[in-house]
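In what follows, a single structure is set out as C-alpha cells and then discussed.
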Amino acid sequence: MGWFSDAVGWVRSRVGGSPNPAAPAPGAPPDLPPGQPVSVDALVARMREIDHTLPADDGVADFNRMYLRVTELVRDRLVAGWFANPAFVTRLDLVFAGLYLDAVGAATPDPSWEPLFTTRRELGRVPIQFALAGMNAHINHDLPVAVVTTCRQLGLTPDSPGVEADYQRVNELLAAVQEEVRRSFLDGIALAVDEKYAGPVANLVSGWSITRARDAAWTNARVLWSLDGAEPLRSDFLATLSRTVGMAGRYLLTPVADLAA
Numbered sequence: 001m002g003w004f005s006d007a008v009g010w011v012r013s014r015v016g017g018s019p020n021p022a023a024p025a026p027g028a029p030p031d032l033p034p035g036q037p038v039s040v041d042a043l044v045a046r047m048r049e050i051d052h053t054l055p056a057d058d059g060v061a062d063f064n065r066m067y068l069r070v071t072e073l074v075r076d077r078l079v080a081g082w083f084a085n086p087a088f089v090t091r092l093d094l095v096f097a098g099l100y101l102d103a104v105g106a107a108t109p110d111p112s113w114e115p116l117f118t119t120r121r122e123l124g125r126v127p128i129q130f131a132l133a134g135m136n137a138h139i140n141h142d143l144p145v146a147v148v149t150t151c152r153q154l155g156l157t158p159d160s161p162g163v164e165a166d167y168q169r170v171n172e173l174l175a176a177v178q179e180e181v182r183r184s185f186l187d188g189i190a191l192a193v194d195e196k197y198a199g200p201v202a203n204l205v206s207g208w209s210i211t212r213a214r215d216a217a218w219t220n221a222r223v224l225w226s227l228d229g230a231e232p233l234r235s236d237f238l239a240t241l242s243r244t245v246g247m248a249g250r251y252l253l254t255p256v257a258d259l260a261a
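Numbering-wise, this note's numbering puts 106 at position 106 of the sequence shown, and it's gapless, one number per residue.
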C-alpha cells in the first residue's frame, strides 16, 4: 500500500496539507506557496527554457510547445482585461502549470502522465499524439486539482461569483485556437509517415476535444470539492481518475507506423 500512501500525501500537499484545510479569509493576501510559479511571465520563461532544452524528437517537447502557445494567449488576455476576475485566472494558471512542471521534474510520473513520459522518445507516433496525450493528462487529471487548490488559496469556492464564468471564458479562448493547433499538427503528418497512415492518425485523435475535456474537468473539480474530508473516498476518487486518464493517454499514443526509416 506504499503507493497509495504516497498518492494521498501528494494530493494533500497540493490542496493545502490536510483533509479539511482552513481556507484563508476573503480578502486575505493571496500568498504563493513555496515552489509555485510567481507570475505568468515567469511561467512562460520556464516553458520556453524547457522548449530549448528538450530534443526536437522528444514527445514532451510536442506538448510543451502547444501548452506554451496557450499560456501566452492567456497572458495576453489577462493584460487586455478579458476576464472578470484576473486574480483568480492568474492564480489558476500558475497552480495548473505548476502541476505540469512537477510532472516534468518527477522521478516517477503520476499514472495520468506515465504514457507520455515513458513513450516520449519511441518511434511509431507522430507529434499530435504526444501533444494530445499531454493535454489529456494535464486537463483531465491536473485541472480539477488546480481548480480546488486555487479556490483554497484565494478563499473562494467553485460557486463563488465569476469563478465558473472565467473558467468557461478560457474555453472560448481555446476553441478559437484549437482548430489552428490541430491543423498545424495534421498538416505535418505527411512529413512523418507514409500517406496510408494519415487517415488512422486523424481517426485516432479526432475524438479528443479540449472543450469536452475541460467540461469534464469542471465536473470533477466540483466532485473533488464536495469530497473534502470524506476519506478514503476522496483519495480513491483521485487514484481512479489518475488511472483512467492514463488509460486514455495510452490509447492516444497507440503506435500508427514504423518510422524507423
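The beta-carbon is built from N, C-alpha and C at its ideal position, and this holds for glycine as well. Note that this is a predicted model, so its numbers are computed, not measured.
inquiry  = Can you list, in chain order, the residues of its chain with a C-beta nearer than 6 Å to that of Val147? Leave out the 5 residues immediately preceding and following it.
reply    = Cβ-Cβ distances below 6 Å link Val147 to Ala221 in the same chain, with the five nearest sequence neighbours on each side left out; the list follows chain order.
request  = Output yes or no for whether 8 Å exceeds the beta carbon distance between Asp215 and Ala84.
outcome  = With respect to Ala84, Asp215 sits apart: the two C-beta atoms are not nearer than 8 Å.
request  = Can you tell me the Cβ-Cβ gap for Leu154 and Gly134, rounded? I've got them flagged as a contact below 8 Å.
outcome  = Between Gly134 and Leu154 the Cβ distance is about 27 Å, and since that is not below 8 Å, they are no contact.
key: Leu73 - DSSP class collapsed to helix/strand/coil   = Assigned with DSSP and collapsed to three states, Leu73 falls in helix.
task = Would you mind stating whether Pro37 and Arg46 have Cβ atoms separated by less than 8 Å?
result = Contact: yes.
key: Candidates Phe63, Leu94, Leu156, Tyr67: closest to Pro34 by CA position   = Taking only the C-alpha atoms, the option nearest Pro34 is Leu94.
message = Quick check: the Cα distance between Arg152 and Phe130, rounded to an integer number of angstroms?
response = Distance between the alpha carbons of Arg152 and Phe130: 32 Å.
query = Straight-line CA distance for Ala213 to Tyr251?
reply = CA-to-CA, the gap between Ala213 and Tyr251 works out to about 15 Å.
request  = Could you tell me which of Asp51, Ala103, Thr71 sits nearest to Arg91, measuring between CA atoms?
outcome  = The shortest Cα separation from Arg91 among Asp51, Ala103, Thr71 belongs to Thr71.
request  = Measure the C-alpha to C-alpha separation of Thr157 and Val163 and round it to an integer number of angstroms.
outcome  = In a straight line, the C-alpha of Thr157 is about 8 Å away from that of Val163.
task = Report the rounded CA-to-CA distance for Val126 versus Leu54, giving the unit in angstroms.
result = Taking the straight line joining both Cα atoms gives about 16 Å.
key: Sequence-distant residues of its chain with Cβ nearer than 7 Å to Gly98 (five each side left out)   = Excluding residues within five positions, the ones whose Cβ falls inside 7 Å are Gln36, Pro37.
ask   = Do you know whose CA, among Asp110, Leu32, Gly105, Arg121, lies nearest Val245's CA?
value = Here the closest residue by C-alpha is Asp110.
query = Excluding sequence positions up to five away, which residues of its chain have a Cβ less than 8 Å from the Cβ of Thr211?
reply = So the qualifying residues of the chain are Asn171, Leu174, Ala175, Gln178.
query = What is the DSSP secondary structure of Gly59, reduced to helix, strand or coil?
reply = Here Gly59 carries a helix assignment [DSSP, helix/strand/coil].
query = Where do the N-terminal and C-terminal ends of the alpha helix (DSSP H) with Asn136 fall, by residue?
reply = For Asn136, no alpha helix (DSSP H) run applies, since DSSP gives it neither H nor E.
task = Report the rounded CA-to-CA distance for Phe63 versus Asp228, giving the unit in angstroms.
result = Each residue's alpha carbon lies about 32 Å from the other.
query = Measuring CA to CA, which of Pro86, Leu123, Ala137, Ala80 is closest to Val104?
reply = For Val104, the closest C-alpha among the options Pro86, Leu123, Ala137, Ala80 is that of Ala137.
Supposed close pair Asp68, Val44 - CB separation, criterion 8 Å = Checking the displayed sequence, the identity of residue 68 turns out to be Leu instead of Asp. With 8 Å as the limit, Leu68 and Val44 qualify as a contact, their Cβ atoms being about 7 Å apart.
query = What residues in its chain sit with their C-beta under 6 Å from that of Thr119, if we drop five residues either side in the sequence?
reply = Setting aside the 5 residues that flank it on each side, Thr119 is surrounded in the same chain by Leu253, each with a C-beta closer than 6 Å to its C-beta; the list follows chain order.
request  = May I have the straight-line CA-CA distance separating Leu32 from Val256, to the nearest angstrom?
outcome  = Computed Cα separation, rounded: 43 Å.
task = Go ahead and label Asp142 buried or exposed: buried means 16 or more other beta carbons lie within 10 angstroms of its beta carbon, across all protein chains shown.
result = Buried: at least 16 other Cβ atoms inside 10 Å.
query = Roughly how many angstroms lie between the CA atoms of Arg169 and Phe88, to the nearest whole one?
reply = Looking at the two C-alpha atoms, the distance is approximately 12 Å.
query = CB-CB under 7 Å to Arg243, same chain, minus the five flanking residues each way: which ones, in chain order?
reply = Excluding sequence neighbours, Arg243 sits near Pro111.
ask   = Where does the unbroken alpha helix (DSSP H) through Val126 begin, and where does it stop?
value = That residue, Val126, is in no alpha helix (DSSP H); it is neither H nor E in DSSP.
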